[in-house]
Each structure stands twice: as C-alpha cells, then as structure tokens.
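Working notes, beginning with the structure itself.
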Amino acid sequence: MKRSLSPAAAIFLTFGFAATACSGGSNIEVVSQDTAVSNTATSDAPDNSVVQSNGMYSTADFATPTISWDSCGDGLECGYIDVPINYSDVKSKTTSLYVVKHAATDATARIGSLLVNPGGPGFGGSFLAESADNIYSQAILSSFDIIGWDPRGTGQSIPAIDCTDDYDHFFASGDITPDTPQERADSVASSEEFTKDCFDKSGDILPYAGTNNVARDMDMIRRALGEDKISYFGFSYGSELGATWTTMFPDTVRAAVLDGASDPNADELLSVLQQNKGFEDSIATFLAKCSDDSTCAFYNGGNAEGAFDDLMAQLDENPIATSSGRPDLTRGMALTAVSEAMYSDSYWSTLESALASAQDGDGTGLLALYDE
C-alpha cells in the first residue's frame, strides 16, 4: 500500500534538515576502476598567469609544498602539507592539512593518485584512506594511491575550527522546527551567538574556509604529490567540491566521479529543498517498511507513521531522559538522529530500536545516533 509522508515528518524534513542536511555523512559504496576512469569532468580554465580578477593568486604563484610521510598503520602513511590560508596574499600565513595515503597495492598496475572526499562539509576526510580496504574495490586499491585529507579547518588539520566548548548548548537545546514567533526569535539569537563564538575562537581561518579555497588546496596537494594530473572521487557535498575543482583546474584532472551530485546551478535554498526531497522519500520508505513488518521494533500495530508523529509531538513538549548524563533528548535532537539514519539503510534496524526505546521514555539510542 502506498503511503504519503505524515505531517510531522513533512514538517521535520522541510525545516529540520535545513540545519542538518549539510552536516551528515555519505552513503559510501564499493567503487570500481571502470567508474573512476570513465567519468571525467572538465571546463574552461581561469587565467592562472597573473593575479586573477577575483583578487586571488594562482596556486602556481606559491612554492610547491612538501609532505614528510610517516607510517601510521598497516599500509598507511600520514603527513602534513602547508598551504596558504589566504590565496590573495603571496605572503600569507599557512594552514597545515592532514593527509593520509593508502598506497596502491600493485606498483606495476599503479595509475596515479585518487583524492577522495566524503562530503559534509565541516568534517575531515582522512578516514576514507584509513578505511580504504573496506570501501574500494581491489581494482581501485591496486591501481591508485588513495589520498584522504582533512580539509582546512577540520579534523586533524591545523588550526581546526572550534566554535564552542558546549555544542549541546546550541544543538541539543534548540528547536530546529520553530513554529512560534518566540521560537523563531530564539533560533535566530542562538545562530547569531554561535556565529560570534566561531569568529571569536577561529577568526584567523574561518573567513578562508570556503569551497574555492579547498579546491585550491587540492591543487597544492596534487603538486606536493608530484602528479601532473590527478583523479578524484567525491560524495554528496564532495560533488560540489569536485565540480569547483574541475572548473578551476581542468588541465590537472585525469578523471572525476561526482556521486550523489548536487545541482551546481542551484542557490542555497533550492539546494536544501532538493536534498530534503531525497530525505522525505527515505523516511517515507522507512516508516512504510516498518508498518508492513510486524518484526520491526517500531511496528506499532502497523501504524509506524502515526507513532512517529505522536513521538515527535511528545518530544516537542516534554524532552525525555537519557542514560548518558547529557541534556534530555529534545525533538530537535531526535530529528537530527533520524537524519543520520537516512544516509544508509544499514542504520534502519538501529533506528527502529531507538525510536521504540524513546516511546518507552529512554532517549539513549536516539542520542547515540544524534552524536554520529
């Protein structure tokens, strides 16, 4: 039986994901060499010979950086690369990017380096190289050095953007579905406070942490690796980064795969709405499957949709306790938890149990997903 999305879920996906959709992970599948070879993105190059019209220098105007590799695990090498914080200043201070390499397993079959990015934005990507054996096919592993890095301001890169010592204050206590004038005013005030704290603590790098500069960093990584051309695999927001990089540096692109691609011509609002449609379809499928399966922990007599609405309404009025000593679980936290589970159906059984526990007054399971 076909089911439409319930009202509470629709509200959640319209408003809640505007705050969370760009911060989650990506559903990473095993990829093959054929895919990496066949999907190449190119476009016209900017003039890199002098200071460009946007006031930025070409990466070629900066010295080629170096990486001193150290062993950091079975088959892994790690190091740092120094790149300019501000590409409009040839004397700019530098930021150190953390880079991890999973070397090609067959030196005779090696094609080159494959830069990988998991999306976000806002968190590191070095784990993609650290976990390469579990992500990529043997054809990819034998032919490419898998290069994962923590983009500027994230992960183990230095300095890392750190906005507050109490993230729960902003993300656990707030209402991500404000439906009264006071709730909307509180949401704006919280956002303004968080932004001020970010600039107070990380103002040296925060203004330079955008996509264009990360794309420039990718070219600096390519140069440090000694590659004339390089391949790229980006997921989710990583597709936007990849499109930016291929546009800025087309002559250095060997191949590029943009998976789960966003529309590069969409403005910020349209992009969020397009992504929310995907989440809407996923949660509708999740609830429908649960309602059709009596073994689902959130079955609720075949009415998982109605139970979900009721639970979210309850949490909006009365947050529930967890066993962690953290703040009580709010609707905003619960919806963020559900959003994390929508990135892969491998999380769905965990989500079923977490929702059922929340019905019984224990928010610990949803809190664990919220923390993902």
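In our numbering, the protein residues as written are -16 to 355.
Glycine included, each C-beta is placed from N, C-alpha and C at the ideal position.
From a predicted model like this one, the values you see are computed outputs, not experimental measurements.
Within its chain, find whatever has a CB closer than 7 Å to the CB of residue i; leave out the 5 residues flanking it on each side and keep chain order.
i: Asp72; result: none
i: Ile213; result: Gly95, Ser96, Leu98, Arg205, Thr235 and Arg237
i: Gly62; result: Ile50, Ser51, Trp52, Asp53 and Val82
i: Ser125; result: Ala87, Thr88, Asp89 and Ala92
i: Pro67; result: Phe45, Ser75 and Thr77
i: Leu256; result: none
Among the residues of its own chain, which have a CB less than 8 Å from the CB of residue i, if the five just before and after it don't count?
i: His345; result: For clarity, residue 345 is Asp in the given sequence; the question names His instead. Contacts found: Ile303, Ala304, Thr305 and Ser306.
i: Ala28; result: Here the model assigns Ala28 a pLDDT of 33, short of 50, so the residue's position is not dependable, and the following value carries that caveat. If we look at Ala28 and ignore the five residues flanking it on each side, its Cβ neighbours are Met231, Phe232, Pro233 and Asp234.
i: Leu350; result: Thr305, Ser307, Arg309, Leu312, Met316 and Ala320
i: Asp354; result: none
i: Thr409; result: Outside the displayed range of the chain (-16 to 355) lies residue 409, so it cannot be described from this structure.
i: Glu60; result: Trp52, Asp53, Ser54, Val83, Lys84 and Ala86
i: Gln139; result: Tyr81, Gly107, Ser109 and Asp133
Closest to residue i by CA distance: which of the options is it?
i: Ser340; options: Cys279, Ser327 and Gly308; result: Cys279
i: Gly102; options: Arg167, Ser79 and Ser245; result: Ser245
i: Ser75; options: Ala86, Ser222, Ile188 and Asp57; result: Ile188
i: Thr42; options: Glu251, Tyr70, Cys61 and Gly105; result: Tyr70
i: Pro142; options: Gly186, Asp128 and Pro247; result: Gly186
i: Asp275; options: Asn286, Asp211 and Ser265; result: Asn286
i: Gly221; options: Cys181, Asp65, Asn259 and Asp242; result: Asp242
i: Ala207; options: Asp65, Ala226 and Leu352; result: Asp65
i: Leu318; options: Gly348, Ser329 and Asp343; result: Gly348
i: Gly225; options: Cys273, Asp264, Asn195 and Cys146; result: Asn195
i: Met201; options: Trp228, Ser329 and Gly58; result: Trp228
i: Thr147; options: Ala249, Lys184, Leu270 and Leu352; result: Lys184
i: Ala271; options: Pro190, Glu335 and Ser79; result: Glu335
i: Ile144; options: Ser79, Lys260, Pro48 and Leu352; result: Ser79
i: Asp180; options: Tyr150, Asp162, Arg199 and Ser170; result: Tyr150
i: Phe269; options: Ser332, Arg199 and Asp211; result: Ser332
Can you tell me whether residue i is buried or exposed, with buried defined as 16 or more other CB within 10 angstroms of its CB?
i: Asn117; result: exposed
i: Glu300; result: exposed
i: Leu253; result: exposed
i: Gly193; result: exposed
i: Pro104; result: buried
i: Asn283; result: buried
i: Gly209; result: exposed
i: Gly56; result: exposed
i: Phe218; result: buried
i: Val240; result: buried
i: Gln258; result: buried
i: Tyr330; result: buried
i: Phe216; result: buried
i: Phe182; result: exposed
i: Pro247; result: exposed
i: Pro164; result: exposed
i: Ala168; result: exposed
i: Ser265; result: buried
Determine the DSSP secondary structure at residue i, reduced to helix, strand or coil.
i: Ser327; result: coil
i: Tyr81; result: strand
i: Phe291; result: helix
i: Pro233; result: helix
i: Asp57; result: coil
i: Asn117; result: helix
i: Gly315; result: helix
i: Asp357; result: The structure shown has nothing for residue 357, since the chain only spans -16 to 355.
i: Val73; result: coil
i: Asp44; result: helix
i: Phe110; result: helix
i: Trp52; result: coil
i: Ala239; result: strand
i: Gly221; result: helix
i: Ser214; result: strand
i: Asp128; result: strand
i: Asp202; result: helix
i: Gly348; result: helix
i: Ser96; result: strand
Within its chain, find whatever has a CB closer than 6 Å to the CB of residue i; leave out the 5 residues flanking it on each side and keep chain order.
i: Gly131; result: Val83, Val99, Gly108, Ser109, Leu111 and Ala112
i: Arg314; result: Met295, Leu298 and Asp299
i: Thr137; result: Phe106 and Gly107
i: Leu338; result: Phe281
i: Pro134; result: Val197
i: Glu223; result: Ser245
i: Tyr191; result: Ile68 and Asn69
i: Met203; result: Thr42, Pro48 and Val66
i: Lys260; result: none
> Which full runs of the alpha helix (DSSP H) of 4+ residues lie inside the region 135 to 200, going along the chain?
Replying inline: 150 to 154 and 164 to 185
> What are the complete alpha helix (DSSP H) segments, minimum 4 residues, inside the region 244 to 302?
Replying inline: 251 to 274 and 287 to 300
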